[in-house]
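Trainee: Submitted below is the structure of interest, expressed as structure tokens.
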Amino acid sequence: MHLLIGHVASLEFPCKINLSKDLLQTTAGKGGAYLYDIHFWLGKDTSQDEAGTAAIKTVELDAVLGGRAVQYRELQGHESDKFLSYFKPCIIPLEGGVASGFKTPEDEKFETRLYVCRGKRVVKLKQVPFSRSSLNHDDVFILDTENKIYQFNGANSNIQERAKALEVIQFFKDKYHEGTCDVAVIDDGKLVAESDSGEFWVLFGGFAPIGKKVASEDDFTLETTPGKLYSITDGQVNAVEGALSKSLLENNKCYLLDCGAEVFVWVGRVTQLEDRKVASQAAEEFISGQNAPKSTRITRVIQGYESHSFKSNFESWPMGTGTSGADEGRGKVAALLKQQGVDIKGIGKGSQVNEDVPPLLEGTGKLEVWRINGNAKTLIPKEEIGKFYSGDCYVVLYTYHSGDKKEDYFLCCWFGKDSVQEDQLTAARLANTMTNSLKGRPVQGRIMQGKEPPQFIALFQPMVLLKGGLSSGYKKFLSDKGLNDESYTSDSIALIRITGASAHNSKAVQVDAVGASLSSADCFLLQSGSTIFTWHGNASTLEQQQLAVKVAEFLKPGVTLKHAKEGTEPAAFWFALGGKQSYTTKKAPPEITRDPHLYTFSYNKGKFEVSEVFNFSQDDLLTEDMMILDTRAEIFVWVGQSVDPKEKQKAFEIGQKYIDMAASLESLSVDVPLYKITEGNEPSFFTTYFSWDPAKAAAQGNSFEKKLVMLLGMSALAVESSRRSSFGSPDGSDKSNGSNQGGPTQRASALAALNSAFKPSSATRIAAPRPAYSSGQGSQRAAAVAALSTVLTAEKKGSPDAASRFSRSPSPDVTVSEARKSVSASLEVEDQLDNLSVKEATEAGESVSESNGGDDSGVKQEEAPSGANGSECTYSYERLKAKSTNPATGIDYKRREAYLSDAEFQSVLGMAKEAFYQQPKWKQDMQKRKVDLF
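Under our numbering, think of the first position of the sequence shown as 1033, with each following residue one higher.
Okay, here's the thing in structure tokens:
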């Protein structure tokens, strides 16, 4: 939740403004407590006194929220990535004061504007003078004219910045041009004979060489330096001697940590409000006294709620005791938001949380398991699959189909907690060999005993973890150490604990065969020779009791069970356990789940560092990069198709470096599951953290080409490919991962483009108060016809270059007939084009629409449920609740919220249906659980 407090309530921030603005971000963490970020934004002409006042008011706002918000000082033009991530795709700078942001269409006359666009994931957009002298070879520029938007790519510009600029163009097109204007991409130095390039340079008075980039303050990047700690006492800043350590920070004091590009103010949790105000003012004065650039960032953190960027300056960050005040802060923010007119339904109290069912793999695939033995692997018989020994290592391969796609693979190494290193290395080596034989497509994972994820457990029914091992490596280890072999056998005394109640979390684990191992919350199997007892704890569930019977049959087929309920055990039961002992009667608390975080990584002077991608989306997964997704329960290393092959091989090494770092700073378990995910092969348990669009994932090419296809269609990609083949890569440092786009797929895409051109969407778009006058429909139709004609030429001649023989955007005055003639296609190809039926084009368009989720935005929308007569079917919230006393019947219980009326949907869930369904699946489920609709 974001709350903007100040004078501007849109994405457009006035430039020349002397006032500051506060933005409050409230995050409902999965763990239950609310987390807050407060940003106070300073215009470039803000005075020192106004900046100090803004800092003090921010401290006061934080006090209302319980005193644990992270506070950020944002300066115009130098905003942090986190702040910019709230305003995607960009903040649009406007000249003038507050009033400039609220002009009506009647007051505003269209003005051609030139912007420079920088940033790979968050865009920093700056308006520059509309002059040729503003252009250079190193940046990407956007020229927004009345009838067409141009993107100019400097010859040395970054390929990923080009891609982000296309997102801004799409935003401009929808917001200011009613979604109908033309778009053209101009490449610096590519003087090809096409109308777009000529039109672009005419606007600048004709073509002429452009100059080199002139350095400005926007290009100056502050250097991050090793942290230097200062104490703040009565407004005075004094250096603290000694190596930087968490132990230096006292909870009744405030400190300043100078890291060069960023200054942190650390506030002890028992400090007084006045001390916190003084500390914020001292930080402002410290920057001035050090002659540090005004753009130096100031971030204030409270003890117990330190950000990752603060903790990363320390070698380690030991976990302390938990902080209190979650409920108090939740109530205070609810009162504040109510004053602002924000719907606060459900924010005051936590709701009953039902068990979350995570995405699992399709259940009818083929499962194969191998045990590592020496330097080889031994296939496990089908009837033995599900038994895992703690002294052994296993390779698991699951082959399945997800939807209509070709085969997918889930390939994991499972390491027992007592397995030897040689077996672990052998398992990893053999898994890599199998991955290579499957052309790198499998999702590859490393799973440690005790940390099995849901999608892994669900493959085995049942999953039984036994003591000891059968491999030669484990046997040799016991012999060398002189240890007894306590491996499970069918005749030994064994106590097995049954945990979980669902397919994705239930497993049986052998524990020490003593009475103290029992728990009232679980079921147990006690094997003693040929006898097996089932023991039911008083708090155990029916599902656990049924699983116990299933496990007993798995271990000893046909065995007769002896049942023992807690408190009624026979003497033989306790005799087998060596006597009666006390045991726990409490249920273990569930692990706290946390929101996922996406990171990029780099090496700074040999040190592994990560940078968070805030408010991330699928668009942040750039094909040239490797990314780290941390869900706390699992770590994913996502590998783009265009990553260098040598770097791809380092995915697990990079993942382990991250785990080591997060274990030190964030107390992450060192045994957390680790996966390597390759672009185009993302499984459901990864995509669930995004609003996933399969069309984006399936697109080929580099980041810019992928975005070009989404914005302008296949015809634009054909032109771009032609240019690349004629002039080389548009970015000398970029290695495109192009692929063959020919054949039926390309023809279907061209047909869909043709259908779209002649049958545009009837959806009504609401334009922002900035006029536009050109629809460009003739150009769109001509380009679509040209694209299809070129595809047919390629199919006829079998030439891969034939698809790049036409201009991206013919002049708006060109007719469909003239566009056809411009293509060097045979008369036979023209006949094929003329004979294409409208039905074929329409079917192709519908097919592609369905594959893309049927929505231009790429977000899959839910359809309102209908009754028997086709009318929309709605029920009251009270009848749709999972615990309703008068439940609605005949509904899809997985989509209870869909049956709410629009008004009640807004009241119950605090947002419109469209906004709700644009969220990732896990966020939807979390919100539904809170209001008993899950």
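Beta carbons are placed, not taken as given, at the ideal position from N, Cα and C, and that holds for glycine. Just so we're clear, the structure is a prediction, and the values are computed from it rather than from any experiment.
1. Would you please state the rounded distance, in angstroms, between the beta carbons of D1662 and A1694? I believe it to be under 8 Å.
2. In this structure, how does DSSP classify M1659 when only helix, strand and coil are distinguished?
3. Taking the C-alpha atoms as reference points, what is the distance between F1717 and I1088?
4. Assign H1629 to one of three DSSP states: helix, strand, or coil.
5. As a quick exercise: from L1502, Y1635, G1942 and Q1493, pick the residue whose alpha carbon is nearest that of K1414.
6. In three-state DSSP terms, what is D1171?
7. Under a three-way DSSP split, which group does K1962 fall into?
8. Does the beta-carbon of M1659 have 16 or more other beta-carbons within 10 angstroms, so that it is buried, or is it exposed?
9. Taking 8 Å as the threshold (beta carbon to beta carbon), is S1277 in contact with chain B?
10. Three-state secondary structure (DSSP) at W1349?
11. Using DSSP with H/G/I as helix, E/B as strand and the rest coil, what is K1156?
12. For the beta strand (DSSP E) holding V1333, just list the boundary residues, first then last.
13. Around the C-beta of S1551, are 16 or more other C-beta atoms found within 10 angstroms, so that it is buried, or is it exposed?
14. Count the other C-beta atoms from every protein chain shown that fall within 10 angstroms of the C-beta of R1461, then say buried if there are 16 or more, exposed otherwise.
15. Can you confirm whether the stretch 1327 to 1335 touches the stretch 1299 to 1308 when touching is taken to mean that 3 or more C-beta pairs between the two stretches lie within less than 8 Å?
16. Along the beta strand (DSSP E) that carries A1106, what are the first and last residues, could you check?
17. With distance defined between alpha-carbon atoms, name the residue in Y1432, Y1421 and V1543 nearest to E1394.
18. Who are the near neighbours of V1091 in its chain, counting only those whose CB is closer than 6 Å to its CB and skipping five residues on each side?
19. Could you have a look at M1480 and say whether DSSP puts it in helix, strand or coil?
20. Tell me whether the stretch 1720 to 1730 and the stretch 1670 to 1685 touch, counting them as touching only if at least three CB pairs, one residue from each stretch, are closer than 8 Å.
21. Beta carbon of G1423, beta carbon of S1522: below 8 Å?
22. Whole angstroms are fine: how far does the CA of E1929 sit from the CA of A1914?
23. Could you pull the start and end residues of the alpha helix (DSSP H) that H1340 belongs to?
24. In terms of residue numbering, what span does the beta strand (DSSP E) encompassing S1643 cover?
25. Between the alpha carbons of I1201 and V1215, how many angstroms are there, rounded?
26. Please say whether V1645 and Y1635 have beta carbons closer to each other than 8 Å?
27. So for S1312, helix, strand or coil by DSSP?
28. Could you spell out the range, first to last residue, of the alpha helix (DSSP H) harbouring Q1613?
29. Between the Cα of D1440 and those of V1428, E1400 and P1474, spot the shortest distance and give me the residue it belongs to.
30. Under three-state DSSP, which class holds S1634?
31. May I ask you to report which of helix, strand or coil DSSP gives Y1066?
32. Tell me whether K1971 is buried or exposed, calling it buried when 16 or more other Cβ atoms sit within 10 Å of its Cβ.
33. Is there at least one non-hydrogen atom of the ligand FMN closer than 7 Å to the beta-carbon of K1438?
34. Output the distance between the C-alpha atoms of A1225 and D1934, rounded to the nearest integer angstrom.
35. At which residue ranges does the stretch 1502 to 1564 contain complete alpha helix (DSSP H) runs of 4 or more residues, listed in the order of the chain?
36. Smallest Cα separation from T1573: which of F1607, V1546, S1538 and P1602?
Mentor: Based on what the coordinates show:
1. 7 Å
2. strand
3. 44 Å
4. Looking at H1629 - three-state DSSP - the assignment turns out to be strand.
5. Q1493
6. Annotated three-state conformation of D1171 is coil, per DSSP.
7. helix
8. M1659 is buried by the Cβ-count criterion.
9. Here chain B cannot be found, since the structure has a single protein chain.
10. coil
11. strand
12. R1329 to I1334
13. buried
14. With fewer than 16 Cβ atoms within 10 Å of its Cβ, R1461 is classed as exposed.
15. yes
16. The displayed chain sequence assigns Glu, not Ala, to residue 1106. Looking at the DSSP string, the run of the beta strand (DSSP E) that includes E1106 is V1102 to L1107.
17. Y1432
18. R1308, K1309 and S1312
19. strand
20. no
21. no
22. 11 Å
23. Residues H1340 to K1343.
24. K1639 to V1645
25. 8 Å
26. no
27. helix
28. Counting along the chain, Q1613 falls outside any alpha helix (DSSP H), and DSSP gives it neither H nor E.
29. P1474
30. In the structure shown, S1634 adopts extended strand secondary structure according to DSSP, grouped into three states.
31. strand
32. The question about residue 1971 has no answer here: the residues shown for the chain are numbered 1033 through 1966.
33. Summarising the ligand content, the structure contains no ligands, and the ligand FMN is consequently not present.
34. Confidence in A1225 is poor, its pLDDT being 49 and thus under 50, which makes the residue's placement unreliable; the coordinate value appears in the next sentence. Those two C-alpha atoms are separated by around 53 Å.
35. 1504 to 1513
36. S1538
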